[in-house]
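These notes concern the structure reproduced below.
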Amino acid sequence: MSSLNLDPDFNTTGLPIFEAADGVCFSFPWEPLVAVSSFFQDLQSLPVPAGGSQGHSDSELVIPLPAATSQALKVAFHAINSVATGEPLGMTPPTDPQVLIDLITLVDAYDLDPVAVLKPISSCANILEDAGRRFALAALRQDEDEMESCSQHLLKTPEKQMSEWLNAILSAKAPAAHYRLSQLYKQREDKIHAFRSEATGAVTSLALSTRLSVTCPSSHWPSKKSMNWKLLYANAMEKGLMVSSLVICPPSRALPAICG
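Numbering-wise, this note's numbering comes out as the position in the sequence shown, counting from 1, plus 632.
Below you can see the structure in the form of structure tokens.
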């Protein structure tokens with residue numbers, strides 16, 4: 633019989649053994665699992681079969697989890713252990729978007745509580761410093777307040793669209809959030825373009841009014857300051873100095889902070 637390929641982080645003897653689709657095994661206690669998953673509650677209640685699992689020794693009972701990759705299962709077990717013990721996540725959160733996509737596949741397949749699995753990951757320092765990752769994890773656990781906060785941070789940057797990392801995760805596992813964020817980026821760019829177009833027209837009008845005022849003075853000609861605020865506003869939005877009026881406030885309120 634073949635020996636087990638145990639992950640070094642989860643190799644304690646005397647615990648149930650779970651096997652990922654790629655053959656890596658993890659020993660993990662029932663209690664934290666049944667607390668966050670009805671699937672594992674039901675699984676634990678089943679009678680234990682006599683003998684071992686196919687391909688392993690008679691003393692080993694291995695529970696296959698064919699919908700779980702080893703990388704995703706490792707993240708899930710670390711997160712569930714963090715919830716159970718109150719300790720920080722015992723690993724660095726994965727940077728590969730595919731691992732997070734596989735993690736959500738695992739969560740769905742085995743009816744795991746997404747908050748229990750994702751919240752410990754969201755609390756890690758390298759995640760807290762990245763609004764894009766925070767948005768992705770908030771979208772996956774359907775935390776609307778956190779999504780709103782993160783979207784404002786994202787729209788304050790000069791980036792014109794979401795990162796490839798964020799796009800990959802949202803398009804695969806949170807299409808509604810992907811659409812909403814894409815629309816916010818598009819609306820911001822449309823606003824910037826509109827303000828630039830109006831500013832260009834204002835500059836042309838200003839040049840004409842300056843020439844006309846020489847021969848036909850009038851107190852009604854627009855001033856340079858009043859005509860150029862749209863250009864200042866567009867520049868500020870594009871450089872990430874402020875969020876589009878779609879998100880925070882109309883130009884009339886935002887401008888004094890820029891124009892002085």
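Yeah, the Cβ is synthetic: ideal placement off N, Cα and C, and Gly gets one too.
A straight line joining the alpha-carbon of Ala771 with that of Pro640 spans about 31 angstroms. With respect to Ser702, Ala741 sits apart: the two C-beta atoms are not nearer than 8 angstroms. The beta carbon of Trp662 sits closer than 8 angstroms to those of Pro648, Phe672 and Gln676, all from its chain and outside the five residues before and after it, given in chain order.
For the options Thr727, Ile824 and Phe650, the alpha carbon positioned closest to that of Ile753 is the one of Thr727. In this structure, Gly764 is the residue among Leu732, Gly764, Gln784 and Glu821 with its C-alpha nearest to the C-alpha of Ser795.
Inter-segment contact for the segment 814-821 and the segment 784-802 is present: three or more beta-carbon pairs are separated by less than 8 angstroms. Taken in chain order, the complete alpha helix (DSSP H) segments of 4 residues or longer contained in the segment 673-732 are 702-717.
Within the model, the alpha-carbon separation for Ile736 versus Glu778 is close to 18 angstroms. Annotated three-state conformation of Ser781 is helix, per DSSP. Taking the Cα of Gln730 as reference, the smallest distance to any Cα among His825, Ala804 and Pro679 is reached at Ala804. The C-beta distance from Phe767 to Phe709 rounds to 25 angstroms, too long to meet the 8 angstroms contact threshold. Here DSSP, grouped into helix, strand and coil, assigns Leu636 to coil.
Distance from the CA atom of Glu761 to the CA atom of Leu786, rounded to whole angstroms, is 12 angstroms. For Leu738, the number of other beta carbons within 10 angstroms of its own is at least 16, and it is reported as buried.
Here the C-alpha atom of Asp743 lies approximately 13 angstroms from the C-alpha atom of Ile712. In this structure, Leu705 is the residue among Glu719, Leu665, Pro720 and Leu705 with its C-alpha nearest to the C-alpha of Asp734. Asp775 counts as buried, since at least 16 other C-beta atoms from the protein chains shown sit within 10 angstroms of its C-beta. Annotated as distal: Val680 and Leu697, with beta-carbon spacing of 8 angstroms or more.
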